[in-house]
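Enquirer: Everything in the sequence shown is counted per the numbering used here, starting at 136 for the first residue and increasing by one. C-beta atoms are modelled at their ideal positions from N, C-alpha and C, and glycine is treated no differently.
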Amino acid sequence: MKKLTSYILIALAALTLASCSDFLDVKLHDQATLEEMFTQGGNAHRYLRHIYSFIPEEESISNREGWVVARSDEAQFSWTQWVYYLIFREGNYSSATTVASTDADRAMRPWDKFYQAISQCSIFINNIDLMKEYNNKDAAELAKIKKQMKAEAKFLRAYYYYCLIRQYGPVYIWMDSDGKPVTPDLSIDGSKIERNTMQECFDFILAQLDEAIAELPVHVGDFGEVSQDWMGRATKGAAMAVKCRVALMQASPLYNGQNGTGLYDDFVSKYNGKKFFETTYDASKWDVAAKAHRELIALAETGEYALVTDASTSEDPMQAAADNYQAIFQKTWNKETIWGWWKRESSEYGSYLAGAGQIMCCALAPQIEGVGGYAGITPSLKLVDAFPMQATGRYPLQLGNMYQKTDGRLDYSKPNVDPLSGYQAEGWKEGYKVPVNAPWAPGFKAHVSTTGRDARFYQCIVPNGFPWPNENKKKFFTCYNNSECTSPFRTSGDSNRAGYMWRKWYPTNRQLDNFQAYQMNVVYPSIRLAEIYLNYAECLIEQSSPKLDSACFYINKVRNRAGLNNIEVAYAGINTNKDLLREALRMERMVEFNGEAVRHYDAVRWMIAPEEYTTRNWTLKCSATTYEESWERVPDDCPLGDPTFIERDYLFPIYSGHLAQMTNMTQNPGF
136 MKKLTSYILI ALAALTLASC SDFLDVKLHD QATLEEMFTQ GGNAHRYLRH
186 IYSFIPEEES ISNREGWVVA RSDEAQFSWT QWVYYLIFRE GNYSSATTVA
236 STDADRAMRP WDKFYQAISQ CSIFINNIDL MKEYNNKDAA ELAKIKKQMK
286 AEAKFLRAYY YYCLIRQYGP VYIWMDSDGK PVTPDLSIDG SKIERNTMQE
336 CFDFILAQLD EAIAELPVHV GDFGEVSQDW MGRATKGAAM AVKCRVALMQ
386 ASPLYNGQNG TGLYDDFVSK YNGKKFFETT YDASKWDVAA KAHRELIALA
436 ETGEYALVTD ASTSEDPMQA AADNYQAIFQ KTWNKETIWG WWKRESSEYG
486 SYLAGAGQIM CCALAPQIEG VGGYAGITPS LKLVDAFPMQ ATGRYPLQLG
536 NMYQKTDGRL DYSKPNVDPL SGYQAEGWKE GYKVPVNAPW APGFKAHVST
586 TGRDARFYQC IVPNGFPWPN ENKKKFFTCY NNSECTSPFR TSGDSNRAGY
636 MWRKWYPTNR QLDNFQAYQM NVVYPSIRLA EIYLNYAECL IEQSSPKLDS
686 ACFYINKVRN RAGLNNIEVA YAGINTNKDL LREALRMERM VEFNGEAVRH
736 YDAVRWMIAP EEYTTRNWTL KCSATTYEES WERVPDDCPL GDPTFIERDY
786 LFPIYSGHLA QMTNMTQNPG F
């Protein structure tokens with residue numbers, strides 16, 4: 136059995152698995168075929184690999200499920216030709232336009248994909264006990280293996296339901312009247328089914344995860360195989376981490392009273408009259424979420440998981456912090472990764488890829504001679520403004536009030552600077568030396584707003600005028616309308632029109648030539664310990680009896696790894712100010728998880744997306760002909776429609792073609 140990269144996209148043609156192209160199509164095989172398939176251990180393991188193949192590709196922010204990065208306010212979209220991104224970013228979509236013929240568009244309609252996954256998980260769970268042999272194991276060992284494999288499938292089924300509800304809200308669950316899962320029904324009548332309520336969905340998923348947690352091993356090696364070959368399989372910690380996400384989601388405003396807005400008061404089933412959402416706030420749900428996180432943190436404290444803090448040999452604190460942050464994404468199977476997976480594409484953009492994250496390096500890198508990227512998605516000015524100041528530890532702009540408004544929209548050219556942060560929005564610093572990753576680079580004229588930031592800023596962002604972090608190339612990234620630029624501005628095609636580059640996934644001093652990604656044997660850390668710490672801090676802030684000092688403790692674990700001071704030092708008295716600490720926590724999440732498909736789901740569950748997303752395409756003035764002029768912030772250099780978000784956009788519409796068959800199923804509000 137090979138590692139997860141070999142799990143994925145296995146055709147299983149020899150086993151004649153159905154493609155399941157219809158919306159709730161199961162295509163169960165006759166019992167004789169199933170018995171033949173599952174009796175042999177090798178076949179059963181191939182089926183298990185197959186159901187792992189539905190894991191969403193959140194690591195691919197230039198394609199597939201990672202599209203939510205470009206949908207959010209942490210990114211600025213540059214590609215003008217990728218319409219399927221733009222319709223969601225600009226709000227120009229409907230229930231009839233969420234399905235198209237290309238693979239990329241199909242990635243944005245997970246309804247089909249995850250119901251296929253769920254049906255395959257159920258088939259596996261209901262038949263794995265037929266397995267009679269595996270690698271000459273005795274009866275006791277074989278029973279253990281079957282139990283563990285069943286728990287994996289049970290975990291994956293719960294995870295795929297979670298993937299559905301975070302996109303669509305309440306969904307239809309295959310279960311009996313007691314809330315227990317049942318075999319997907321081949322004779323299901325689509326005209327007679329309706330979605331379950333949001334609470335029923337949460338209850339089912341959490342119960343299934345609890346069952347999986349009780350049966351899964353702590354270590355991948357406990358499956359009885361060589362651990363490196365099995366990396367990426369579900370463990371007890373992975374299931375606990377997904378439970379944390381689900382419990383946090385259940386407690387969050389959108390799913391827990393809608394902040395008293397009455398948003399879903401009238402969202403009821405047309406079939407049975409049930410309300411789909413709980414419309415009354417229940418603080419105890421934060422207590423439930425906090426408990427789930429405490430249990431996982433207790434497992435971490437046994438030594439099972441730890442933040443990456445030892446990846447650097449540098450004696451310079453800034454460089455050490457940058458090295459540690461980079462190692463989260465470049466050090467294979469580091470202890471911060473609670474659940475991760477290998478990159479699953481064998482080919483994309485015409486280059487061989489072996490590991491997670493490489494596609495982002497060429498998709499996001501600038502078009503510098505000798506580097507050659509596409510500059511398709513860049514960090515937004517808001518994300519750039521979010522990174523803390525190293526000396527004070529404060530965020531540059533006022534917490535909860537980052538910008539003034541123009542015509543009712545956030546105006547990124549009018550920042551509300553925090554006067555105690557030490558940040559300056561205008562001015563220049565001559566002879567500036569980047570504090571990390573480029574000791575070879577000479578001093579240069581840097582915009583003062585880019586100086587004095589925390590280590591993560593320089594590890595993730597390359598601003599206009601800065602050296603590209605590769606000593607072999609010795610190139611500077613400059614982006615404006617001048618032939619002397621290394622990445623000249625263009626009005627169309629592959630061109631940086633924002634003024635900043637994302638380099639978070641690009642290892643320092645690694646080659647990237649001629650628009651080709653290099654081979655990287657790395658792992659995508661889907662859920663990492665830093666997320667659990669910040670999740671738990673949020674629970675401690677919001678729970679029925681807030682514990683703000685404890686919340687600060689867990690926020691500080693993440694900040695300290697980045698080389699920052701404690702949050703109580705940066706903001707005196709914040710440990711007694713719940714509202715201010717909440718805003719600091721949200722900023723820290725935006726920074727720590729930038730580009731990791733976290734921000735959008737945060738903005739949705741907090742119900743802040745209508746306020747935070749609805750702006751204009753603010754960029755640096757890359758159309759300028761001089762470096763100095765290019766640092767003006769403008770809303771019209773990017774030739775795309777302005778991003779927007781309205782209340783209907785919290786939930787994704789069910790495709791109208793499906794509803795034509797599921798005639799009793801209720802569509803989401805606004806569609």
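Is the stretch 656–670 touching the stretch 427–435, taking contact as three or more C-beta pairs under 8 angstroms?
Expert: yes
Enquirer: With a 10 Å radius around its C-beta and 16 neighbouring C-beta atoms as the bar for buried, classify P305 as buried or exposed.
Expert: Within 10 angstroms of the beta-carbon of P305 lie 16 or more other beta-carbons, which makes it buried.
Enquirer: Quick one: what does DSSP say R768 is sitting in, helix, strand or coil?
Expert: strand
Enquirer: Using a 10 Å radius around the Cβ and a threshold of 16 neighbouring Cβ atoms, would you call S679 buried or exposed?
Expert: exposed
Enquirer: Evaluate the contact criterion for the stretch 542–560 versus the stretch 746–765: three or more CB pairs, one atom per stretch, below 8 angstroms.
Expert: yes
Enquirer: Exposed or buried, G578, counting other C-beta atoms within 10 Å across all chains shown (16 or more means buried)?
Expert: exposed
Enquirer: Mind checking D807: buried by the 16 CB within 10 Å criterion, or exposed?
Expert: Examination of residue 807 is not possible in this model, given that the chain is present from 136 through 806 alone.
Enquirer: Which of the three DSSP states, helix, strand or coil, is assigned to N799?
Expert: coil
Enquirer: Straight-line CA distance for N710 to D684?
Expert: 6 angstroms
Enquirer: Give me the residue from F806, I789 and L794 with the minimum Cα distance to R783.
Expert: F806
Enquirer: What does the alpha-carbon distance come out to for the pair P642 and E194?
Expert: 16 angstroms
Enquirer: Can you give me the Cβ contacts of P774 inside the same chain, cut-off strictly under 7 angstroms, excluding the 5 residues immediately before and after it?
Expert: Close CB contacts of P774 within its chain, under the 7 angstroms cut and outside five residues either way in sequence, are with T215 and T626 (chain order).
Enquirer: Flag this pair as yes or no: are the beta carbons of N631 and A510 separated by less than 8 angstroms?
Expert: yes
Enquirer: Across which residues does DSSP place M310 in a beta bridge pair?
Expert: P316
Enquirer: Which first and last residues belong to the beta strand (DSSP E) in which E565 is found?
Expert: It spans W563 to Y567 - the beta strand (DSSP E) in which E565 sits, taken as one unbroken run.
Enquirer: For A235 and Y790, what's the separation of their Cα atoms in angstroms?
Expert: Caution applies to A235, whose pLDDT of 47 falls short of 50 and renders its modelled position unreliable; the value that the coordinates give is listed next. Whole-angstrom Cα-Cα distance: 11 angstroms.
Enquirer: Quick check on the DSSP output: the beta strand (DSSP E) that includes F212 runs from which residue to which?
Expert: Residues A210 to F212.
Enquirer: Suppose you measure from the CA of M172 to the CA of E287; what does that come to, to the nearest Å?
Expert: 18 angstroms
Enquirer: Among P604, A446, I258 and D451, which has the Cα closest to the Cα of I186?
Expert: I258
Enquirer: I need the straight-line Cα distance from P514 to K289, nearest angstrom please.
Expert: Going from the Cα of P514 to the Cα of K289 covers about 37 angstroms.
Enquirer: Going straight from the alpha carbon of K426 to that of L383, what length do you get?
Expert: 11 angstroms
Enquirer: R206 CB to nearest chain C CB: under 8 angstroms?
Expert: Checking the listed chains, one finds no chain C in this structure; it contains a single protein chain.
Enquirer: By DSSP, does R724 sit in helix, in strand, or in coil?
Expert: helix
Enquirer: Could you tell me the alpha carbon to alpha carbon distance between A738 and Y416, rounded to whole angstroms?
Expert: Between A738 and Y416, the C-alpha separation is close to 18 angstroms.
Enquirer: Provide the residue span of the alpha helix (DSSP H) that contains A425, from first to last.
Expert: S419 to L434
Enquirer: Check whether the Cβ atoms of V423 and A457 lie closer than 8 angstroms to each other.
Expert: no
Enquirer: In whole angstroms, give me the CA-to-CA distance for G356 and N262.
Expert: A straight line joining the alpha-carbon of G356 with that of N262 spans about 24 angstroms.
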